[in-house]
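Numbering of the sequence shown is given in my numbering, commencing with residue 36 and proceeding in unit increments.
Below is one structure; the comments refer to it alone.
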Amino acid sequence: MSTTTTSRPGTRKHRPLWRAGGAAFAAALALGVVVAPSEATSKRHERQPTLSTRSAPILSVHGLKFRDLDRNGRLTPYEDWRLPASARARDLLGRMTLAQKAGLMVHGTLPASGTGYDVAGTTRLVADRSITTMITRLAAEPAAMATASNAVQAIAENQPLGIPVVISTDPRNGFSVTGGQTVARIGTTAMPDAIGQGAIGDPATIRELGDIVRAEYRAVGITEALSPQADIATEPRWTRINGTFGSDSTLAKRLVKAYVAGLQDGTRGLTPDSVATVTKHWVGYGAQDKGFDSHYFYGRYATFPGGNFAEHIVPFTGAFAADTAGVMPTYSILKDLVYQGTALPQVGAGFSSFLLQDLLRGRYGFDGVIVSDWGITGDCPVACQENRPPAFFVGPWGVGMPWGVEDQSVLQRFALTINAGVDQVGGSDEPSYVLQAVADGLVSRARVDAAARRVLVQKFELGLFENPFVSPTKAAAIAGNAAFTAVGDAAQAESLTLLANSGDLLPAAPADHAHVYLSGVSGDAATAAGYTVVTDLADADLAIVRLSDPRGGPDLTDLDFAGTEPDYAAFQAAVDAGVPTVAVPKLDRPLVLTNVVDRAGAVLANYGVSDEVLLQTIAGERRPGGTLPFELPSSMAAVEAQLSDVADDSADPLFPAGFGLEYAAPTIEQLRGSLADLRASGDVSRSAARVLDAQLASVERALDRGREQQAVRGLERFVRTVERWSGGRHVSTTAADQLVGDTEALIASLR
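Here you go:
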């Protein structure tokens with residue numbers, strides 16, 4: 036068997052991953068929609084939407100039902116779902132006090148307590164401060180999340196105007212967990228981190244994954260995603276690369292658009308089925324000076340020595356094309372940048388009227404909600420400004436990021452960011468600053484009304500004024516269900532990137548490599564894949580070693596293995612023992628793998644993968660399909676010499692962006708053998724195996740006669756048959772994924 040180099044991401048043919056779950060996927064996705072398409076509303080058709088309530092009375096008008104949120108016994112215009120969202124927002128805005136409007140202009144944090152939220156603390160935020168947009172950092176089982184969301188909405192429903200709460204979240208479906216950036220995955224579908232989705236490189240796949248995220252979020256009561264990250268990975272040392280789609284701005288544009296379309300259920304704005312997306316970080320965050328992150332004073336600058344700022348805008352245009360609901364500006368100061376003849380003021384993007392008003396709203400026509408990143412109005416005292424890596428790390432709750440306006444007061448920063456164009460101050464639960472800014476003449480009432488209107492319109496479009504409550508029972512059934520899991524697992528395998536495969540070590544089936552030594556991999560998963568786990572390298576036929584980022588962390592930037600890291604020590608021990616070794620580096624960033632590739636039998640890079648999917652792929656039950664979403668540099672010297680704003684520009688890279696190997700295509704005999712094995716294991720029924728083997732026998736006859744095009748048509752028919760039965764009683768989803776993957780590889784080899 037041999038391996039071949041694949042093409043650049045986006046040019047390869049990808050099988051829609053929902054087929055791994057078949058009809059079950061479509062059914063599960065439908066369960067996750069809060070208001071089914073048949074219940075969509077419009078003024079012309081006046082179709083009744085689903086209503087949910089705890090304390091608000093229900094009004095009946097001409098046979099239609101409405102929630103009486105202001106409890107006046109009459110249908111108030113903002114309660115009338117037949118009216119456009121803009122008209123409802125205008126009516127509600129006219130009924131609100133300045134304090135209530137100010138509450139719309141901050142994005143607070145729900146106070147977690149165990150598996151729910153602190154009721155007293157939440158009540159203070161909603162009732163006393165009129166805050167109705169808040170992030171959840173709660174990590175709990177889906178049913179508990181849904182119950183907690185309902186408790187929040189019940190508090191909001193009891194307020195004078197009954198304005199519902201938009202609950203937002205950072206990503207919670209991936210494998211990387213970083214405080215303040217991602218949330219631990221509990222009960223939701225596991226899928227590769229965003230950078231792994233860039234390795235897949237297929238917009239249709241990313242749209243499918245977005246659909247799953249949307250269904251799971253809505254099921255638990257989350258209606259806003261603080262994602263996607265439209266930054267491009269041009270500075271390899273930067274520690275937030277794993278949240279991007281990679282270094283290719285054009286590909287990132289396509290994937291950002293697909294992600295937004297998946298979460299918002301299309302490209303025409305928000306609906307009651309949507310999760311609002313907040314695309315971030317506008318703009319240039321990927322060009323951080325020396326890779327230091329702008330959460331920190333020492334990392335406050337993004338630099339553009341290559342004059343490449345315009346390319347950093349490109350992925351955001353994909354979000355605009357999909358009508359993203361929100362945009363979040365970067366913390367960074369764009370150091371000494373002159374763009375289109377304008378010298379940018381040396382302040383963070385959240386304080387830049389040029390970036391927000393002239394460029395974002397003016398040039399690109401964005402009219403959604405601008406949400407600041409967390410903590411930009413807070414203080415960064417002397418101790419904060421004098422710290423240097425790696426000795427100091429405090430999250431945005433303890434230290435502010437007011438870059439460029441450090442000498443201003445908190446009140447002045449509120450006024451500056453609002454007047455620059457920010458509608459909602461992220462991470463703040465202090466609307467009193469908005470009130471004081473108006474009282475002092477620093478912010479106009481008209482500016483408050485404009486921001487509040489944008490926030491209200493989206494609440495109406497999301498259907499929250501009709502149906503804010505969710506079912507804990509349905510949440511448990513939807514999140515992480517079998518069909519979604521099959522899609523997520525297929526995506527994990529599709530993202531895996533084969534970088535080296537000496538002597539065709541992979542795939543390494545248990546029949547050929549029975550005894551396996553593991554480092555960083557579950558023994559139970561290896562046993563389930565058919566291997567026998569050994570703890571002595573002398574007994575091993577194969578070693579599998581995971582390698583994490585050698586300098587992982589928000590404030591450390593080196594990308595190479597010094598040889599002293601525990602992961603690398605395990606790798607060296609296996610190699611030194613003469614055991615064929617599969618290195619599995621996790622590419623949160625473009626690591627320097629020079630002293631890995633030259634020693635490993637095979638290198639299989641991942642961007643978040645379960646042990647089960649990893650071992651299935653190593654064993655040959657699945658096939659790796661990813662290509663590098665960025666180049667891999669050959670040395671730290673090359674990294675230090677590259678330009679922070681230019682993609683893939685290091686000297687003599689170890690691997691170029693877009694590189695990836697594939698397992699050799701199976702023969703028709705091997706495919707028939709796999710089918711027989713799956714029949715023996717019970718993954719394919721006897722009747723299905725008979726039909727499928729007959730199809731393959733027909734293909735084999737065509738190949739024997741030299742009729743390759745006839746054979747291709749027969750194999751395509753075989754794929755359609757497997758996909759039709761996938762997830763049912765005839766063919767398991769795992770078997771379908773293996774058979775279709777192998778068959779498509781064979782088809783590709785015949786073309």
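By construction, the Cβ of each residue, glycine as well, lies at the ideal position given by its N, Cα and C atoms.
- Around the beta carbon of G717, fewer than 16 other beta carbons lie within 10 angstroms, which makes this residue exposed.
- The closest CA to that of A546, considering only G598, L497, D712 and A612, is found on D712.
- A Cβ-Cβ distance of about 6 angstroms is found for the pair I411 and T452, placing them in contact under the 8 angstroms criterion.
- For N536, the enclosing beta strand (DSSP E) starts and ends at T532 to N536.
- Only exposed fits T302, as fewer than 16 other CB atoms lie within 10 angstroms of its CB.
- Listed as beta-bridge partners of V569 by DSSP are Y552.
- Apart from sequence neighbours up to five positions away, the residues of its chain that approach D126 with a beta-carbon distance below 6 angstroms are P112 and Y113, ordered along the chain.
- With contacts defined as CB atoms closer than 7 angstroms, V310 and G361 fail to qualify as a contacting pair.
- For the alpha helix (DSSP H) assignment, the uninterrupted runs of no fewer than 4 residues enclosed by the segment 130–155 are, from N- to C-terminal side, 133–139.
- Taking G304 as reference, the option from A254, A357 and Q323 with the minimal CA-CA separation is A357.
- In the DSSP annotation of this structure, the continuous segment of the alpha helix (DSSP H) that includes W760 starts and ends at E743 to W760.
- H97 sits exposed, since fewer than 16 C-beta atoms from the chains shown fall within 10 Å of its C-beta.
- Secondary structure at F401: coil, using DSSP grouped into helix, strand and coil.
- Between the segment 244–261 and the segment 539–557, the count of C-beta pairs closer than 8 angstroms stays below three; the two stretches do not touch.
- Beta-bridge annotation (DSSP): Q459 is paired with V406.
- The continuous stretches of beta strand (DSSP E) do not include M436, and DSSP gives it neither H nor E.
- Nearest to T306 by alpha-carbon distance, out of W273, E259 and R657, is E259.
- Where K315 is concerned, the enclosing beta strand (DSSP E) starts and stops at A311 to W317.
- When the alpha-carbon of E675 is set against those of G214, T167 and Q323, the nearest one is in Q323.
- Inclusion of S203 and L145 in the CB contact set at 7 angstroms is not warranted, their separation being larger than that value.
- Here P585 carries a coil assignment [DSSP, helix/strand/coil].
- Taking a cut-off of 8 angstroms for Cβ pairs, the segment 468–478 and the segment 284–298 do not touch, as fewer than three such pairs fall below it.
- Annotation: the continuous alpha helix (DSSP H) that includes G231 extends over A229 to I235.
- When the five nearest sequence neighbours on each side are left out, the beta carbons in the same chain lying within less than 8 angstroms of the beta carbon of A472 are those of L446, F449, A450, I453 and V478, in order along the chain.
- Taking a cut-off of 8 angstroms for Cβ pairs, the segment 655–669 and the segment 680–693 touch, as three or more such pairs fall below it.
- By the neighbour-count definition (other C-beta atoms within 10 Å, threshold 16), T599 is an exposed residue.
- Inclusion of A637 and T532 in the CB contact set at 7 angstroms is not warranted, their separation being larger than that value.
- When only Cα atoms are considered, T312 and D402 end up about 14 angstroms apart.
- For G108, the number of other beta carbons within 10 angstroms of its own is below 16, and it is reported as exposed.
- Distance between S583 and E270, taken at the CA atoms: about 19 angstroms.
- In the structure shown, S95 falls within a strand segment according to DSSP collapsed to helix, strand and coil.
- Secondary-structure assignment with DSSP links L369 through a beta bridge to A337.
- Judged by DSSP in its simplified three-state form, S87 adopts coil rather than helix or strand.
- Linking Q232 to A526 through their CA atoms gives a straight-line distance of about 8 angstroms.
- Approximately 5 angstroms separates the beta-carbon atoms of T168 and H142; this is inside 8 angstroms, confirming the contact.
- For the segment 469–542, the continuous alpha helix (DSSP H) assignments of 4+ residues that do not extend past its boundaries occur at 480–496, 507–513 and 517–530, in sequence order.
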